[in-house]
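Working notes, structure below.
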Amino acid sequence: MGDGVSNKEAIAALALAQSQMKTPHKDATNPHFRNRYASLKSCIKAIKPALNDNGFALIQAAGKDEEGHYMQTTFEHTSGGLFTSKFYLEPEKKGMQGLGSAATYAKRYGLLGLAGIEPDEDADDDGNAADEKPAAPKPQPKPQPKKPDAEAEHDAAVREEQNQAPSTPQQLKEVIENKIKLAAATWQLKKITQEHGKDFNTIKQHDAKMGAELNAYFKTRFEQVNTGER
């Protein structure tokens, strides 16, 4: 953090801003693991007002250098001082959709890292003052199953959000094909036909060949799952 042009005034302002920043609230639910996480919107809502109140502008811009694509987060102060954080993108999927998912992730963690705060964990973020009385000894917690990787969960949630509103028959086909690929039981495949019956017809009407390819893939996967293949 920092690029050689920070100054005492900017450092003091950032320290004051950090003391005023709120804890990002977990406002989104991962559709795969059903756990909650703090979205980029929640992080900006918790951090940006304190920055602005203390003379900082928040800038998040994409770039590319010899190392690859990156998202650069900058806190620029009215005094001329600024603090920056560069987060390189590692998209799991090629194309703009993969870059969009990686950019959202990089903005979120670049902002949190530069601000020096973390989203709320197990405690409720309700703004109540902590009880100053000595806490009673807590019973030993039972062993809990290992939690899924938070970064993978966030990426999956972003991809799910992007796939919820396909706008073209080709995008509809890609969404349905992905669901067919992930189905592990025949009842899940049957559910896909129930949920996307109209979409199958839309694709067929747009392009008969495309519709035939999708139906053929569905039948192949149904036979594979029904016979125990994966």
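Residue numbers (numbering that gives the first Met the number 0): 0 to 229. Just so it is clear, CB atoms sit at the ideal spot from N, CA and C, and this is done for glycine as well.
Under a three-way DSSP split, which group does aspartate 206 fall into?
-> Along the sequence shown, one-based indexing puts residue 206 at 207. In this structure, aspartate 206 counts as coil in the three-state DSSP scheme.
Express the C-alpha separation of aspartate 64 and serine 100 in angstroms, rounding to a whole number.
-> If you number the sequence shown from 1, residue 100 lands on position 101. If you number the sequence shown from 1, residue 64 lands on position 65. For the pair serine 100 and aspartate 64, the Cα-to-Cα distance works out to about 19 Å.
What is the DSSP secondary structure of alanine 211, reduced to helix, strand or coil?
-> Looking up residue 211 in the sequence shown gives position 212. Reduced to three states, the DSSP call for alanine 211 is helix.
C-beta contact flag for proline 48 and proline 118 at 8 Å = In the sequence shown, counting from the first residue as 1, residue 48 sits at position 49. In the sequence shown, counting from the first residue as 1, residue 118 sits at position 119. No, Cβ-Cβ distance for proline 48 and proline 118 is not below 8 Å.
Can you check DSSP and say which residues form a bridge with phenylalanine 86?
-> Within the sequence shown, residue 86 is the residue found at index 87, counting from 1. According to DSSP, phenylalanine 86 bridges with Met70.
Inspect the beta-carbon positions of leucine 171 and aspartate 198 and report whether they are closer than 8 Å.
-> Stepping through the sequence shown from its first residue, residue 171 is reached at position 172. Stepping through the sequence shown from its first residue, residue 198 is reached at position 199. In this structure, aspartate 198 lies closer than 8 Å to leucine 171 by Cβ.
Tyrosine 104: which of Phe82, Glu89, Leu113, Gly115 sits nearest, CA to CA?
-> Residue numbering aside, residue 104 sits at position 105 when the sequence shown is read from its first letter. Nearest C-alpha to tyrosine 104: Glu89.
Would you identify the three-state DSSP class for aspartate 52, choosing helix, strand or coil?
-> Your numbering for residue 52 matches position 53 in the sequence shown. Residue state, collapsed to three classes: helix.
Given asparagine 225, which residues of its chain have a CB within under 7 Å of its CB, disregarding the five upstream and five downstream residues?
-> Taking the first residue of the sequence shown as position 1, residue 225 is located at position 226. Correct list, in chain order: Thr185.
Cα-Cα separation, glutamate 176 to alanine 183 = Residue numbering aside, residue 176 sits at position 177 when the sequence shown is read from its first letter. Residue numbering aside, residue 183 sits at position 184 when the sequence shown is read from its first letter. The straight-line gap from Cα to Cα measures roughly 13 Å.
From the DSSP output, read off the bridge partner residues of glutamate 75.
-> Position 76 of the sequence shown, counted from the first residue, corresponds to residue 75. Per DSSP, Ala56, Leu81.
Nearest-angstrom Cα separation, counted from lysine 21 out to isoleucine 58 | Mapped onto the sequence shown, residue 58 falls at position 59. Mapped onto the sequence shown, residue 21 falls at position 22. For isoleucine 58 and lysine 21, the distance between alpha carbons rounds to 19 Å.
Enclosing alpha helix (DSSP H) for threonine 167 [first to last residue] = As a working mapping, residue 167 is identified with position 168 in the sequence shown. From DSSP, threonine 167 is part of no alpha helix (DSSP H); its letter is neither H nor E.
Return the residue from the list Gly115, Gln223, Met70 that minimises the CA-CA distance to leucine 50.
-> For the purposes of this step, residue 50 is identified with residue 51 of the sequence shown, where counting begins at 1. Considering only alpha carbons, the answer is Gly115.
Identify whether lysine 63 lies in helix, strand or coil by the three-state DSSP scheme.
-> By one-based count along the sequence shown, residue 63 stands at place 64. Lysine 63 carries a strand assignment under DSSP once its states are collapsed to helix, strand and coil.
According to DSSP, which residues form a beta bridge with alanine 27?
-> In the sequence shown, the residue the question calls residue 27 occupies position 28. In the DSSP output, where bridge partners are listed per residue, alanine 27 has Tyr36.
Rounded to the nearest angstrom, how far is the Cβ of alanine 61 from that of methionine 70, given a contact under 8 Å?
-> On the sequence shown, position 62 is the one that residue 61 refers to. On the sequence shown, position 71 is the one that residue 70 refers to. At roughly 6 Å, the Cβ-Cβ gap stays under 8 Å, so alanine 61 and methionine 70 are in contact.
Burial state of leucine 181, where buried means 16 or more other Cβ atoms lie within 10 Å = By 1-based counting over the sequence shown, the position of residue 181 is 182. Leucine 181 should be labelled exposed.
With a Cβ-Cβ cutoff of 8 Å, do serine 38 and alanine 27 count as a contact?
-> For the purposes of this step, residue 38 is identified with residue 39 of the sequence shown, where counting begins at 1. For the purposes of this step, residue 27 is identified with residue 28 of the sequence shown, where counting begins at 1. Taking C-beta atoms as the reference points, serine 38 and alanine 27 count as a pair closer than 8 Å.
Provide the residue span of the alpha helix (DSSP H) that contains isoleucine 10, from first to last.
-> Indexing the sequence shown from 1 puts residue 10 at position 11. Element bounds for isoleucine 10: 7-19.
In whole angstroms, what is the alpha-carbon distance linking leucine 111 and glutamine 204?
-> On the sequence shown, residue 111 is found 112 positions in, with the first residue counted as 1. On the sequence shown, residue 204 is found 205 positions in, with the first residue counted as 1. In this structure, the straight-line span from the alpha carbon of leucine 111 to that of glutamine 204 is close to 47 Å.
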